[in-house]
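What follows is a single structure, written as structure tokens, with notes after it.
In UniProt numbering, the protein residues as written are 1 to 473.
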């Protein structure tokens with residue numbers, strides 16, 4: 001059977017079916033696996049997982065039930081509606097919308113009425129990838145079919161419209177949402193719609209008056225502002241150095257018994273740094289202690305992460321000030337670890353927000369600090385740092401990434417399939433064929449006579465094809 005094309009296909013279908021059947025006993029595992037594959041953009045594995053589900057739906061041995069009534073010894077595996085939504089969102093995230101459309105056709109063939117969660121995934125996926133026309137078309141079709149939108153559906157289409165600068169239409173749908181859910185402000189996800197709107201009003205339009213009006217409405221009519229609501233306004237007023245607003249908001253949080261998060265403290269730290277307060281880190285750490293929070297390595301690292309996400313000199317200085325506090329703290333339990341330093345290095349290398357000289361200076365300083373503390377790199381460190389460098393589109397990004405790569409190889413660290421894949425995918429995207437060929441040769445040497453998994457072999461095949469074509473021209 002395995003030596004004929006039909007036999008190979010039958011065997012592959014069987015493997016896909018078995019893998020899916022094992023996972024599907026625990027639906028949460030399926031969605032986790034789908035999300036993991038989507039994050040890594042492992043399209044081949046994602047399609048294979050879906051094919052396993054299709055085998056159970058259309059194959060010669062049908063073992064999947066679409067509702068609880070259909071579950072039987074012959075069809076023991078139940079597919080909850082959220083599995084469809086997870087696949088749709090993953091396919092669109094991986095920029096293979098034709099697979100999402102194929103899935104939609106499969107639902108129609110099976111007579112499955114797409115639930116609101118599937119429509120939300122479709123709208124959200126298109127909206128996040130600038131496919132506003134398709135997102136809006138899905139919204140209109142959903143209305144025609146009289147499928148009741150959930151709060152998350154409203155959030156997805158409103159976000160897409162704001163990003164596409166269709167502000168009037170976005171606010172019109174928000175008012176429609178308010179009317180539809182009037183008296184049901186405790187509906188799951190309702191407050192997230194309000195939070196998304198005030199965030200987008202602040203972020204994209206600096207429309208403080210409208211955002212404040214929505215906050216007043218929430219205070220009076222609900223849904224009650226939550227931590228995310230306050231974080232939106234604290235971040236906004238922090239960027240503008242409006243300390244009277246910050247004081248009022250933190251006081252209101254306290255009176256409502258809402259504890260600040262790491263993001264809240266990071267926003268306050270950013271505001272103090274912009275105001276030129278040299279003791280900003282001390283002030284924020286003292287505030288945390290006052291609120292009964294003893295900073296740990298994880299809390300420090302999270303604060304640094306939020307600071308670095310700003311991609312500003314102020315943010316970098318804030319992160320380095322926190323690092324210094326960790327390094328000089330008398331309590332050894334809060335000393336920085338490899339995760340802390342990796343967080344810093346990855347942010348410094350990623351993107352072009354720092355000059356090459358400043359990036360080199362800060363990198364050298366951090367590496368020296370690591371060496372003094374006897375902290376070295378391990379596989380996960382390289383797995384994070386190399387792609388971060390390759391995300392920097394400059395030659396400097398390529399050179400630094402390859403320098404880390406060669407150091408990893410020379411150190412004798414075992415490179416796993418995911419690391420090979422993520423490095424090659426970045427090099428393929430950048431079209432750095434010489435470097436990609438070097439990595440492929442190293443990978444082939446480690447595999448020896450063994451074959452890499454198909455999803456990795458397919459990427460290697462694409463790279464080798466490009467290298468061969470370049471040699472002919």
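Where a beta carbon is used, it is the ideal one built from N, C-alpha and C, also for glycine.
query                                                                                                                                 : result
Inter-residue Cα distance where the pair is residue 523 and residue 54                                                                : This structure cannot speak to residue 523, because the chain is shown only from 1 to 473.
Whole-angstrom C-beta distance between residue 31 and residue 83, which should lie under 8 Å                                          : 7 Å
Any beta strand (DSSP E) of 3 or more consecutive residues that is wholly inside the segment 213-251                                  : none
Sequence-distant residues of the same chain with beta carbon closer than 7 Å to residue 475, five excluded per side                   : Only positions 1 to 473 of the chain appear in the structure, and residue 475 is not among them; the question remains open.
Cutoff 8 Å; reference residue 86; Cβ partners in own chain excluding five residues on either side                                     : 30, 31, 34, 35 and 121
Completely contained alpha helix (DSSP H) runs for the segment 74-158, where each covers 4 or more residues                           : 81-93, 97-109, 116-128 and 132-144
Candidates 101, 404 and 295, of which the one nearest residue 383 by Cα                                                               : 404
Pair within 8 Å by beta-carbon distance, residue 145 and residue 110                                                                  : no
Sequence-distant residues of its chain with Cβ nearer than 7 Å to residue 62 (five each side left out)                                : 56 and 75
Where residue 334 sits in the DSSP three-state scheme                                                                                 : helix
Classification of residue 93 by the beta-carbon crowding that lies within 10 angstroms, buried from 16 upward                         : buried
Per-residue DSSP class, three states only, for residue 191                                                                            : helix
Same chain only: Cβ atoms within 7 Å of residue 162, ignoring 5 sequence neighbours per side                                          : 170, 200 and 204
Among 420, 464 and 363, nearest to residue 320 - alpha-carbon criterion                                                               : 363
Rounded separation between residue 299 and residue 137 - CA only                                                                      : 43 Å
Simplified DSSP state of residue 198, which is helix, strand or coil                                                                  : helix
Per DSSP, cross-strand counterpart(s) of residue 47                                                                                   : None; residue 47 has no bridge partner.
Nonlocal neighbours in the same chain, by C-beta distance under 8 Å from residue 214, ignoring five residues either side              : 194, 197, 198 and 201
Beta carbon of residue 191 nearer than 8 Å to that of residue 226                                                                     : yes
Where residue 275 sits in the DSSP three-state scheme                                                                                 : coil
Stretch-stretch touch, CB-based, cutoff 8 Å, three pairs: the segment 353-368 with the segment 290-307                                : no
Residue 65 in three-state terms, based on DSSP                                                                                        : strand
Among 388, 381 and 37, nearest to residue 408 - alpha-carbon criterion                                                                : 381
DSSP-derived helix/strand/coil call for residue 417                                                                                   : helix
Residue interval of the alpha helix (DSSP H) (run including residue 455)                                                              : 454-471
Contacts around residue 65, its chain only, beta-carbon distance under 8 Å, and the 5 residues preceding and following it disregarded : 71, 72, 75, 76, 77, 78 and 79
Cβ distance (whole Å) where residue 293 is taken to contact residue 267 below 8 Å                                                     : Their Cβ separation, rounded to whole angstroms, is 15 Å, which puts residue 293 and residue 267 out of contact at 8 Å.
Contacts around residue 4, its chain only, beta-carbon distance under 7 Å, and the 5 residues preceding and following it disregarded  : Note that residue 4 scores 47 on pLDDT, short of 50, meaning its location in the model is unreliable; the coordinates nonetheless yield the value given after this. None.
Three-state class that DSSP yields for residue 355 in the structure shown                                                             : coil
First and last residue of the uninterrupted alpha helix (DSSP H) at residue 181                                                       : It is not in any alpha helix (DSSP H) - residue 181 carries neither H nor E in the DSSP assignment.
C-beta contact flag for residue 157 and residue 139 at 8 Å                                                                            : yes
Which of helix, strand or coil DSSP assigns to residue 295                                                                            : coil
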